[in-house]
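Chemist: Residue numbers (this note's numbering): 1 to 147.
Below you'll find the structure I mean.
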C-alpha cells in the first residue's frame, strides 16, 4: 500500500484547452453579430472636412435621419425603422428631450436632400425643445488633419 501512494502525484495544473475552444467560438459569434447590431437608418451623408466629435461627449444622442426620398426616422421611441410624419417627430423628440434635457440632438440627412428639407427638420427639432442641433457628415477621404 505504501508503494501505491508514493507513485501517485497530485496534478496541480489546469487544462486550459477547452477554455480556449469556448473563447474562440464566442469570438466568432461576436464578430459575426456585431455588424448586424448597428442601429440607425442608412443615409448617404455629405462629406466634410470637420473633425469628429468626442464619442463620450455624444453618448446616446437623439438622431433624426432623413433618407433621399424625404422619409424621416428617429432613433428613439417605438419602431426606429418606421418612417414618421412631422407631428410624430415633434412628439417623440419632445418626449425624449423632456426625459433627458441634456441629450445631444443630431440631424443625419442624405446628401441629395435639398437645403429647405434640412431646415424644416431643424425647425421640427427646435419645436420639440432641442436648443442645439448638430449636423452629421462623413469625413472626406482626402482630408488631412492640420491642413
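Glycine included, every Cβ here is placed at the ideal spot set by N, Cα and C.
What you are looking at is a predicted structure, and each value in this text was computed from that prediction instead of being measured.
With C-beta atoms as the reference, is residue 220 less than 9 Å away from residue 65?
Modeler: Not covered by the structure: residue 220. The range shown for the chain is 1 to 147.
Chemist: Restricting to Cα atoms, I'd like to know which of 101, 23 and 87 is closest to residue 72.
Modeler: When each option's Cα is compared against that of residue 72, the closest is 87.
Chemist: Quick check on this structure: which residue in 80, 61 and 95 has the alpha carbon closest to the alpha carbon of residue 133?
Modeler: If we check each option's Cα against that of residue 133, 61 comes out closest.
Chemist: Taking residue 62 as part of the beta strand (DSSP E), name the residues at either end of that continuous run.
Modeler: First-last of the beta strand (DSSP E) with residue 62: 62 to 66.
Chemist: Should residue 94 and residue 128 be called a contact, given that it needs their Cβ atoms to be closer than 9 Å?
Modeler: Yes, the Cβ-Cβ distance between residue 94 and residue 128 is below 9 Å.
Chemist: Hey, residue 135 and residue 109: beta-carbon distance below 9 Å or not?
Modeler: Their beta carbons are under 9 Å apart, which means residue 135 touches residue 109 by this criterion.
Chemist: Output the boundary residues of the beta strand (DSSP E) element that contains residue 121.
Modeler: Segment 115 to 127 is the alpha helix (DSSP H) holding residue 121; no beta strand (DSSP E) there.
Chemist: First and last residue of the beta strand (DSSP E) that includes residue 106?
Modeler: Residues 105 to 109.
Chemist: Assuming residue 74 is part of the beta strand (DSSP E), what are its boundary residues?
Modeler: That run of the beta strand (DSSP E) goes 72 to 74.
Chemist: Does DSSP classify residue 87 as helix, strand or coil?
Modeler: Residue 87: helix per DSSP, three-state reduction.
Chemist: Within 10 angstroms of the Cβ of residue 105, are there 16 or more other Cβ atoms? Answer buried if so, exposed if not.
Modeler: Under this definition residue 105 is a buried residue.
Chemist: Going by the CB atoms, is the gap between residue 68 and residue 97 shorter than 9 Å?
Modeler: It is not a contact, given that the beta carbons lie outside the stated cut-off.
Chemist: Going by the beta-carbon positions, is the gap between residue 107 and residue 90 smaller than 9 Å?
Modeler: No, they are not a contact pair.
Chemist: Whose C-alpha, out of 16, 70 and 78, is nearest the C-alpha of residue 116?
Modeler: Out of 16, 70 and 78, 70 has the C-alpha closest to the C-alpha of residue 116.
Chemist: Does any residue of chain D have a CB that is nearer than 9 Å to the CB of residue 67?
Modeler: Judged by its chain identifiers, the structure shown contains no chain D, having just a single protein chain.
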